Structure formats: structure tokens, C-alpha cells
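In this note's numbering, the protein residues as written are 45 to 430.
Just so you know, even glycine gets a beta-carbon here, dropped at the ideal spot from N, CA and C.
The structure presented is a predicted model; accordingly, all values stated were derived computationally and were not measured.
To start, the structure itself, in C-alpha cells.
If you want it as C-alpha cells, here you go:
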């Protein structure tokens, strides 16, 4: 009596098109795979191997064993990324650019590797190369972001049936990768010295908003005059938009990083007076200019255009050198703001509200560096007046 094959083992029969040959087929997750051999036993063994490979995500048991890592990455950028949302809104241009940059790195390192052949070792060796390269080695924070995005891309392929196991999720970033760049936090004396140096500068008030109220550089650069209440108390600033880089071009966008980023902050009296002086100086510039582009912008180029963040970094560095304080980048002013307020005993929850965060995690782990509610904490702070 012929022994019956177990369920799921597939079917094997003589090949009607090849004399002396056998052919078999097996279904795995709705996909049909075939195998040929000289004997029935050979074909049965091949089918068993195909099924095992399919269940472990390797070899022939994938829906398309020829697809490469580059194809997976490109498909994610073209089909998945445009549909991704953050707080119900399309991703910010800077976030999209970050995905594209990491995708280019993955493509250059592993693009030719077939997805079905990709291993944990392949992924970890890529991380090791990126962390150990002589020119611009990746720090651990950058590697973790790349790892997260790569895992997301392969998860998309996993859902499509191109692979049955996401090996990227099993990999770990290089443990010896250098730590993230330390963010500078100014001491109270240095902060006061920098404020004094900023006062006569054309757009000095923009940097002061970062240091005094913790505005992101893009948030300060994206302010419109209608966002400010300067002529009667309470003096306030309404943060609703930001400058973003879109294909290396600075432009004002209405989308902020999170819903909590939209906030109304009380302005200290001296900052409100500073902004009134800035408003008058800009009026004089605007009248004298024949090519002023946008009279809504609080901070603008000499022709009324949107400020380039890279030029702002260079300008602030030069001001710091002249003032004799540590060179500080625009985004580090926000760190200094958090540290100075924490040093005065302001609760982390209140600082998080000021900075536009929904939790204190970023304040605890990123922004706050110890030095030894409308959210009016910055207006009540005393360090600038000493």
C-alpha cells in the first residue's frame, strides 16, 4: 500500500514533459513553488527544503527571491514614504530628506545584496563600516536612526511577502561607535555676555528668542509680525510656523514638528522692547529697499527674503567669537535656555511646555545641562537681569 504524504508536504508526480523526471509542487502562505528531480524522493526532499526556507524567511520560499535591497529601499521611498504621517500631517521636508539620505547610504552599502540573502551579519558589518570610516564616522545616535529606518523599509517588504523575516530588527548598532556630539550649554555669565553682544546685531533678537524662550532656530526665523503682541501687555509670541529646508532652499512652512510645538509664550519686557526696536529698524530698511520680498517676516535678509539656516550658524559663531564666549550653534541656544531655567529650579514639566514638548523625556535626556504656566516661565526668569 502506498504511503500517504503528510498534509502540507506538497504533491509529487512524474513529469509528463521530461522522460525519467519527477515534478512536485507545494503551497506556502498562498504562494505555489515547484521542484524537479530524477526520483520521487529527490523532489520530496526539495519541496521540504523550500517549505522550511519559506517559513524562516530565507532562500526560495520568498515571493520574489531576486529582489535586492536597493529595490526595497527605492520602493519604500516611492510608495510608502509619501503616505507616512506625523500627527496626522505629511512629514516635514527635513524628515523626508533624512529618509532619503539614509536610503542613499543603505543603497551604497548593501544595494546589490538580494533581500532573501541578507543576514544579520551583513547589516552589522555595514554599521561597523559606517562607524569606523575615517571621513565623517557615524556616531551612535545617527546609526540608531539609520537602523530604525532600515528596519522600517524591510518591514514593508516583509508585509508584501518579499521576505518572511526582518533580519534588520535582529541586528544591533556598533557598540564602539562614538557618542553623539555634546551640546554646549552657556553659563549664566556667558549667556548674559552673549545677549549684550547680540543687542546691536541686525537680527540679534532672533537668537535672543532661542536663548531666552527656547525657540527652535526655524521657529524664530519663521515668525510673522502678526505672531507678536508687542504694544500692550501681556507681551506674547505665537509660535505657529517654521523655516524648513526644501531641496536645500529655505522656505516658511505652516507645519511644526509636533502639535505641542504650536504654543503661545509670554515675552519678557526687555525682549518685547528689543523686538519693537527691531520692527522700527526693519521699517527703515523696507522703505529704503526697492526689492523687499516679504513684509510679513520678523527676521529677514536685507532684501526681505527668508533667512538661510546655514548662514545663521556662521553669523552666530562670529558673534560668539567677538563676544569672547564659547562658539554656540543656533540650536544650542535652546539647550542653554533649558539648562539656565533648570538651574533656577524651574520644573522639567514647565520647561517642556516652554520648549513645545508633550513629555519631559527630551528635557531630561537631550536639552537640559545642569550648570551647578500661558507659559510665562521665561518671562519670570531672573538670570538675564543679574
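Inset, instruction - To the nearest angstrom, report how far apart residue 110 and residue 355 are at their CA atoms. - result: Answer to the nearest angstrom: the Cα atoms are 46 Å apart.
Inset, instruction - Quick one: using the 10 Å Cβ neighbour count with 16 as the cut-off for buried, is residue 58 buried or exposed? - result: With fewer than 16 Cβ atoms within 10 Å of its Cβ, residue 58 is classed as exposed.
Inset, instruction - Run the CB neighbour count on residue 211, radius 10 Å, all protein chains shown included, and call it buried at 16 or more, exposed below. - result: So residue 211 counts as buried.
Inset, instruction - Take the Cβ of residue 75 as the centre, count every other Cβ of all protein chains shown within 10 Å, and call the residue buried at 16 or more, exposed below. - result: Classification for residue 75: exposed.
Legend entry - Whole-angstrom distance between residue 172 and residue 178, CA atom to CA atom: Cα-Cα distance, rounded: 12 Å.
Legend entry - Nearest neighbour of residue 184, chosen from 194, 216 and 117 [CA to CA]: Of 194, 216 and 117, the residue nearest in Cα terms is 216.
Inset, instruction - Could you spell out the range, first to last residue, of the beta strand (DSSP E) harbouring residue 315? - result: Not the beta strand (DSSP E): residue 315 falls in the alpha helix (DSSP H), residues 313-332.
Legend entry - Burial state of residue 318 (16 or more Cβ within 10 Å): That one is buried.
Legend entry - Whole-angstrom distance between residue 182 and residue 428, CA atom to CA atom: Cα to Cα, the separation comes out at about 37 Å.
Legend entry - Residues sharing a beta bridge with residue 114, DSSP: For residue 114, which the question treats as bridged, DSSP gives no partner whatsoever.
Inset, instruction - Find the nearest neighbour of residue 165 within the set 392, 136, 143 and 218, judged by alpha-carbon distance. - result: Here the closest residue by C-alpha is 218.
Legend entry - alpha helix (DSSP H) runs contained entirely in the segment 60-103, provided each spans 4 or more residues: Fully enclosed alpha helix (DSSP H) runs of no fewer than 4 residues occupy 84-100 of the segment 60-103, in order along the chain.
Inset, instruction - Determine, using beta carbons only, whether residue 360 and residue 370 come nearer to each other than 8 Å. - result: Result no, Cβ atoms of residue 360 and residue 370 do not sit closer than 8 Å.
Inset, instruction - Taking only the alpha-carbon atoms, compute the straight-line gap between residue 155 and residue 113 and give it to the nearest angstrom. - result: Going by the C-alpha atoms only, they are around 5 Å apart.
Legend entry - Close-in-space but distant-in-sequence residues of the same chain around residue 338 (CB under 6 Å, 5 per side omitted): Sequence-distant Cβ neighbours of residue 338 in its own chain, meaning closer than 6 Å and more than five residues away, are 348.
Inset, instruction - Would you list the one or two residues that DSSP bridges to residue 369? - result: None; residue 369 has no bridge partner.
Legend entry - Enclosing beta strand (DSSP E) for residue 246 [first to last residue]: No beta strand (DSSP E) contains residue 246, which DSSP labels as neither H nor E.
Inset, instruction - Could you tell me the boundaries of the beta strand (DSSP E) in which residue 308 lies? - result: Residue range 307-310 is occupied by the beta strand (DSSP E) that includes residue 308.
Inset, instruction - Could you have a look at residue 149 and say whether DSSP puts it in helix, strand or coil? - result: The answer is helix: DSSP assigns residue 149 an H, G or I state.
Legend entry - Chain-order list of residues whose beta-carbon lies under 6 Å from that of residue 198 (same chain, five-residue window excluded): The answer, listed in chain order, is 210 and 212.
Inset, instruction - Give the straight-line distance between the Cα atoms of residue 163 and residue 170, rounded to the nearest whole angstrom. - result: Each residue's alpha carbon lies about 11 Å from the other.
Inset, instruction - Classify residue 331 as buried or exposed, calling it buried when 16 or more other Cβ atoms lie within 10 Å of its own Cβ. - result: It counts as exposed.
Legend entry - the segment 188-206 / the segment 115-122 touching (three or more Cβ pairs under 8 Å): They touch, by the three-pair rule.
Inset, instruction - Report all residues from its chain with a CB closer than 7 Å to the CB of residue 311; omit the five preceding and five following residues, and keep chain order. - result: Excluding residues within five positions, the ones whose Cβ falls inside 7 Å are 279, 280, 281 and 423.
Inset, instruction - Mind checking who residue 268 pairs with in its DSSP beta bridge? - result: Bridge pairing for residue 268: 341 [DSSP].
Legend entry - With 16 other Cβ atoms within 10 Å as the buried cut-off, status of residue 292: Looking at its Cβ environment, which holds fewer than 16 other Cβ atoms inside 10 Å, residue 292 is exposed.
Inset, instruction - Could you give the DSSP three-state label for residue 289: helix, strand or coil? - result: DSSP, reduced to helix, strand and coil, places residue 289 within a strand of the structure shown.
Legend entry - Residues sharing a beta bridge with residue 438, DSSP: Here the chain has residues from 45 to 430 only, and residue 438 is not among them.
Legend entry - Sequence-distant residues of its chain with Cβ nearer than 7 Å to residue 55 (five each side left out): The residues 68 and 69, in chain order, have a CB closer than 7 Å to that of residue 55 in the same chain once the five nearest residues on each side in sequence are set aside.
Legend entry - Reference residue 138; option with closest CA among 284, 341, 92 and 353: The shortest CA-to-CA distance from residue 138 to any of 284, 341, 92 and 353 is the one to 353.
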